[in-house]
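Number of protein chains: 4
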Amino acid sequence: MSHNTFGHLFRVTTFGESHGAGIGCVVDGCPPRLALEAADIQAELDRRRPGTSRFTTQRQEPDTARILSGVMTDDATGRQVTTGTPIAVFIDNVDQRSKDYGEIRDKYRPGHADYVYDAKYGIRDYRGGGRSSARETAARVAAGAIARKVIPGVTIRAALVKMGKLAIDRRNWDWDQIGKNPFFCPDAEAVGRFVHYLDAVRRAGSSVGAVLEVVAEGVPPGWGAPIYGKLDAELASALMSINAVKGVEIGDGFGAAELMGEENADEMRAGNDGRPRFLSNHAGGILGGLATGQPIVARFAVKPTSSILTPRKTVDRAMEETEIVTKGRHDPCVGIRAVPIAEAMVACVLADAFLRHRGQVG
Amino acid sequence: MSHNTFGHLFRVTTFGESHGAGIGCVVDGCPPRLALEAADIQAELDRRRPGTSRFTTQRQEPDTARILSGVMTDDATGRQVTTGTPIAVFIDNVDQRSKDYGEIRDKYRPGHADYVYDAKYGIRDYRGGGRSSARETAARVAAGAIARKVIPGVTIRAALVKMGKLAIDRRNWDWDQIGKNPFFCPDAEAVGRFVHYLDAVRRAGSSVGAVLEVVAEGVPPGWGAPIYGKLDAELASALMSINAVKGVEIGDGFGAAELMGEENADEMRAGNDGRPRFLSNHAGGILGGLATGQPIVARFAVKPTSSILTPRKTVDRAMEETEIVTKGRHDPCVGIRAVPIAEAMVACVLADAFLRHRGQVG
Amino acid sequence: MSHNTFGHLFRVTTFGESHGAGIGCVVDGCPPRLALEAADIQAELDRRRPGTSRFTTQRQEPDTARILSGVMTDDATGRQVTTGTPIAVFIDNVDQRSKDYGEIRDKYRPGHADYVYDAKYGIRDYRGGGRSSARETAARVAAGAIARKVIPGVTIRAALVKMGKLAIDRRNWDWDQIGKNPFFCPDAEAVGRFVHYLDAVRRAGSSVGAVLEVVAEGVPPGWGAPIYGKLDAELASALMSINAVKGVEIGDGFGAAELMGEENADEMRAGNDGRPRFLSNHAGGILGGLATGQPIVARFAVKPTSSILTPRKTVDRAMEETEIVTKGRHDPCVGIRAVPIAEAMVACVLADAFLRHRGQVG
Amino acid sequence: MSHNTFGHLFRVTTFGESHGAGIGCVVDGCPPRLALEAADIQAELDRRRPGTSRFTTQRQEPDTARILSGVMTDDATGRQVTTGTPIAVFIDNVDQRSKDYGEIRDKYRPGHADYVYDAKYGIRDYRGGGRSSARETAARVAAGAIARKVIPGVTIRAALVKMGKLAIDRRNWDWDQIGKNPFFCPDAEAVGRFVHYLDAVRRAGSSVGAVLEVVAEGVPPGWGAPIYGKLDAELASALMSINAVKGVEIGDGFGAAELMGEENADEMRAGNDGRPRFLSNHAGGILGGLATGQPIVARFAVKPTSSILTPRKTVDRAMEETEIVTKGRHDPCVGIRAVPIAEAMVACVLADAFLRHRGQVG
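Chains as they are written, first to last, in our numbering: chain X, 1 to 362; chain D, 1 to 362; chain W, 1 to 362; chain U, 1 to 362.
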């Protein structure tokens, strides 16, 4: 992962700012002859799209994806397929409302990247956060939709498991619930509590953090690569690169630090498929940087949106002390919309791991 | 980070197995004319060296580093300096005792990478874990000693803050204590508890996990790179790539998920040095993937050593069910020796970030 | 250079096919605060644009470049500048005339990439050559226009020095002539011969090869990087990657193989500027992979366009023997339009070399 | 290719200087379970080894390769095989004779990298040319021996086809002659002329350039990668990175510039193996950056050794004008020993192309 590109054989480069012409990605290295329609990408974008409930930003972006290159109609089947050449996807920005952001041109919003962009580049696209806006993640979701095509046997799903201090009850976990509430929450009983809580947060003009969990099933043993291309290292990098993420853990994660050796290491019995059957999954499906064949389980923490209505102490570009209230249209819990983004990042990491694995060991 | 190389401009490639000829690294892209002696590397290696207390493996490795290339004596000063060409460092393996590992040739140790290496490569260097052994980290420590030379204004220190369920009292934090106890523990009062606890663990033939914290001070604002080369993403990848690490967090980390927006975002006042003075550091010194100028704070979780004396259920290469007791000489808390390793990884990430920053913005 | 991306710190990714929506590039790693207008890019594209004389393809493409990201108006100066974030440029395809290419859907054109794309990918965008079309080079020219901004002190110019067996007279070399004839030819006296010759080639429905020379002046000593990132190796890769290029040489190139040691090595005297003054430039401005401070001189050979009106023996996708005549609108000497493309590639290589040099040595 | 590493999935990093401890390489990404003994590497090194005839440098280096990592004995077969982990190879320097090079500490040798290393790094390992010495190529040859194992169906052979102005007669080409004369010359009749000529050059204390040709047979159609990872671009980069190389061409190369379209494009007939049978090979086995299945043919030009006994004008580090005579033990035609080096580079490029191809398209 480097600057605006990630991946090695399945490589994704993104571009675009919150209030420029649009957001896009170029996916290079995708295998050929995979069926791919704009609708495949659109389906994932619609899951991330803002303005779908009162719990996400009211910015209205249709987020319509166009595929600019890398596909053609296969005359034999009539289906649109990838050709092995770079696939560019572009999403126009529509509802920019630049006027909302006039005040932040000169003031640095606490918790945002305003100051550091100025410190690094000596210039900053202040319109909606510019390149540092979470709007960039739309391009990741588009890339992730393509990545899923590369690894059809793998199922990748994410869920919100904690909002502020409210956690779900894991015994109620039901993946089918994910699409049935505005929080991507797998615990139907927790939804009511979340609605009540987040309404209060929203009315207070505040925001709250969240913890998400992403699970990839169907990854064969051996994907990944020691020593610095470890699958868990790549997942950590990919998830940490999502806006507002402050922590990542695999399997038992920080909980593993509290365990004894005999509690943590997953015992094995003979499986029916020539592989070991693990008796537990504290490892989260990864050992030594390589997939074990068990579900890969990662969790990550999202900080609360820094754009809130409470006045905050800050400085301006002239380093004069001032206060700021971040108006505009913001997510009271930005973690919610991180669900499809996390799935996309994991899909990209796994697609890349698969191609590299196939490259080295056939 | 890819396979056995990490970094972009400051690039580290490591090689070697636990029971082969030795362990080494090649550091490419190091700036020229930096004073560098083997003793600089040795000092760091000695901090990681096994066998220095009863709380680490009793394997006796002198871990003597030789610099094979990339340095010469500067005739003007008489000092040995880097030349800008690749610096290779080699550390001979001495005390291998391969006979200890006969049993694990055919059986897969739970919690280790034995099975997945076989699944990926169809062959596995079973001698002491081969390439997946934590012995590889000696090469990282050597590279880190070189990286520190690249960023002389930056101080990087790590500490053990939790062992199993025992945490330090952060009010007692004193960096000077780090070198005065066998745990790299900054809380002198906690040391007695840790001794008592780890002795019991060791005598039980068991092991325990740990949490470590690493702090980098003196990093100027702007180092790092959006979007996929974010400084926190690179740190997460680097720390997660260390053996047995299962979680990484920056600043408040998972704690940030429980905060409200006004609790989390760090307010700013005007500083004396033309930079903002932050009123808190929930962000851990990184916003939008770029350094803020505050101390960079990362924590990571290390699982308990999987090599323990309790018999464990497992399978062998023929997928027959069996049991295994991992004899040999192991760390009861492998997290302890991760302290110099984590410092080294952070030093490498920051050296690379510095060079890339200088490359792009001068 | 890898797949569809080249460069390390100044990284260019291109996408798009001859008859798709358009052609584009993403330039990542560009320094901030460089003045950049679409017009800067357009000026270079216009030099490459088809249909400007009877000696280039009659395909009419306005090749209008739009900058989609990475720039903003600097409020202080009112000028549009780079922000340090990725700069995406897109050029719509307008005059595609897909019907011209019906026959080549199933037949493999000799000298083209038709067969090998099918062999590799099992599918091929046959419309105008798809991704393998020289139309892709429009994106390179756009990237090159940006690269020139990164290295303002460097002048990069190319010229056609040979068409078929007709060479220019180097004693007549005048850079001012380049823009005054349809061949980018620096020898005014040769132009008449070239016109006469190429008209005959064109009328015969045939095509002819060419040799071009590109010269970069103002490159300071030390840019480049041993051992595998040598400046000449990167130039060779960049120029060889241009469609139809079959050979690259630096300085005396293949002529150097005929020289004796005392004829070839460039002697030095003391210069006025603290640098050596070389008494000759057989080396073409590069020694040991690093710039010497002399003009960098590269030449490259372009094969004749393979699209000609003479019937040619070939096979079709079913591996049946057949003949093909490549109709459509083609350049009788594709080398001519390689002039701005070569300049662009050299500009990108040098911009990248500059940033990496600054990264490593300050 | 970047600094001291080249390749993407089959990655080679080299280190070491002419007069340091030794020369080495780390090969990362090699597939597992390939039989590999030190003797396999030694056989290639012996072909490059200096001091084997009066036509190469009299420096006596046994060039004994040790494999430091990445292999183990396969218990099933008793053979030593690769494990998929990085393979480090080290070659001790033995006959350094540093005293020979005292004079060049302060003076810049014309045609060498002395000045540019100083200009770039502000320091220079003057002992035998340091890192810029062709001694580094021993590590490439070692890596190439490993690369050959990755692509067992491919035969890679190089030959010297021109020495100064003396060319071989291609009608006499016989690969069996390569090992039977000190020039790697495929034309037995030319050997006598070369002996006579090079003896004269050597006695005169001078040197002469050469042209070499390398041919890879058995490369399947489709290896390589558009657009910037073209197989010919990678070969150009790899060959140009060899010391003293000033030009590279593929197939007809610069000769192609003199051809008409109908002369150049290789016609096709149906082959017996489901592939086209080409009626000629002007393309040198590569179209659009991808292998056609025909033999891959590259030629490259090597300049004459710059180390000669004739006094040459130069400057010293203080930029004072002076003269220099390069004593020491030098090759009168450094091109001769480039034969095994070129084969090694081509082997590495093809091994990498194979793994990447397999990664993307299976």
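Quick reminder that beta carbons are idealized off the backbone N, C-alpha and C, glycines included. Being a predicted model, the structure only gives us computed values, none of them experimental.
Alpha helix (DSSP H) containing residue i: first to last residue?
i              : result
L239 (chain U) : L231 to M240
I341 (chain X) : A338 to V361
E262 (chain D) : G261 to N264
R140 (chain W) : T137 to V150
E217 (chain U) : Unbroken run through E217 (chain U) is the beta strand (DSSP E), A210 to E217; no alpha helix (DSSP H).
G251 (chain U) : That residue, G251 (chain U), is in no alpha helix (DSSP H); it is neither H nor E in DSSP.
R366 (chain U) : Lying before the first or after the last residue shown, residue 366 (chain U) is absent from chain U, which here runs from 1 to 362.
K120 (chain W) : D114 to Y121
So is residue i buried or exposed if we call it buried at 16+ other beta carbons inside 10 Å?
i              : result
L231 (chain D) : buried
V94 (chain U)  : exposed
A76 (chain X)  : exposed
H196 (chain W) : exposed
L45 (chain W)  : buried
K389 (chain W) : With chain W running from 1 to 362 in the structure shown, residue 389 (chain W) is simply not present.
G22 (chain U)  : buried
Can you pull the chain W neighbours of residue i, defined as C-beta to C-beta under 9 angstroms?
i              : result
S69 (chain X)  : F15, G16, E17, G20, A21, G22, I23, G24 and R131
E321 (chain U) : M268, R269 and A270
K120 (chain X) : P32 and G84
Closer than 8 angstroms by beta-carbon distance: list the chain X residues that pair up with residue i, in chain order.
i              : result
N264 (chain D) : G111, G209, K303, P304 and S306
R124 (chain D) : The premise fails here: R124 (chain D) is roughly 10 angstroms from chain X at the closest Cβ pair, so nothing lies under 8 angstroms.
A88 (chain W)  : F15, G16 and G24
Can you name the residues of chain X whose CB is closer than 7 angstroms to the CB of residue i?
i              : result
V150 (chain W) : Per Cβ cutoff of 7 angstroms: no residues; V150 (chain W) is ~14 angstroms from chain X at best.
V374 (chain D) : Since the displayed chain D opens at 1 and closes at 362, residue 374 (chain D) lies outside it and no answer follows.
Y197 (chain D) : Going along chain X, no residue has its Cβ under 7 angstroms from Y197 (chain D), so there is no contact; the nearest lies around 11 angstroms.
Anything in chain U within Cβ reach of residue i, meaning under 8 angstroms, just list it in chain order.
i             : result
P31 (chain X) : Q360, V361 and G362
At which residues does the beta strand (DSSP E) containing residue i begin and terminate?
i              : result
D92 (chain U)  : I87 to D92
E321 (chain D) : E321 to I324
Q80 (chain W)  : Q80 to T82
I156 (chain W) : T155 to M163
P221 (chain W) : Here P221 (chain W) belongs to no beta strand (DSSP E), and DSSP marks it neither H nor E.
I296 (chain W) : I296 to V302
P276 (chain D) : P276 to F278
Residues of chain X with a CB under 9 angstroms from the CB of residue i: which are they?
i              : result
I250 (chain D) : M240, V245, K246 and G247
How about residue i: is its Cβ closer than 7 angstroms to a heavy atom in the ligand ZN?
i              : result
A283 (chain X) : What this structure holds is no ligand at all, so the ligand ZN is not there to describe.
Going along chain U in order, which residues have a C-beta closer than 7 angstroms to the C-beta of residue i?
i              : result
E258 (chain W) : G164, K165 and G209
Which chain W residues sit within Cβ distance under 7 angstroms of residue i?
i              : result
L355 (chain D) : G359 and Q360
Taking C-beta pairs closer than 9 angstroms, name the residues in chain U that residue i reaches, listed in chain order.
i            : result
L9 (chain X) : H8, L9, R356, G359 and Q360
Using a cut-off of 7 angstroms between C-beta atoms, extract the partners of residue i located in chain D.
i              : result
A233 (chain X) : M1, S237, M240 and S241
Chain D partners of residue i, CB-CB under 8 angstroms?
i              : result
V366 (chain U) : With chain U represented from 1 up to 362, any question about residue 366 (chain U) goes unanswered, as that position is not in the structure.
Could you say if the segment 26-39 of chain W and the segment 63-71 of chain W meet the contact criterion of at least three C-beta pairs nearer than 8 angstroms?
-> yes
May I ask you to verify whether the segment 222-229 of chain D touches the segment 340-358 of chain D, counting CB pairs closer than 8 angstroms and requiring at least 3?
-> These segments touch.
Going along the chain, which unbroken runs of the beta strand (DSSP E) with 3 or more residues stay wholly within the segment 12-50 of chain U?
-> 22-28
Are the segment 262-270 of chain W and the segment 311-319 of chain U touching, with three or more C-beta to C-beta distances below 8 angstroms?
-> yes
For the 8 angstroms Cβ check, are there 3 or more pairs between the segment 243-258 of chain U and the segment 281-299 of chain U?
-> yes
Validate contact between the segment 251-268 of chain X and the segment 341-350 of chain X using beta carbons, cut 8 angstroms, 3 pairs | no
Does the segment 322-340 of chain U come close enough to the segment 279-293 of chain W to have 3 or more Cβ pairs within less than 8 angstroms?
-> Judged by pairs of C-beta atoms under 8 angstroms, the segment 322-340 of chain U does not touch the segment 279-293 of chain W, as fewer than three such pairs exist.
Cβ contact check for the segment 15-31 of chain U and the segment 105-122 of chain U: 3 or more pairs under 8 angstroms = With the cut-off at 8 angstroms, the segment 15-31 of chain U and the segment 105-122 of chain U do not touch.
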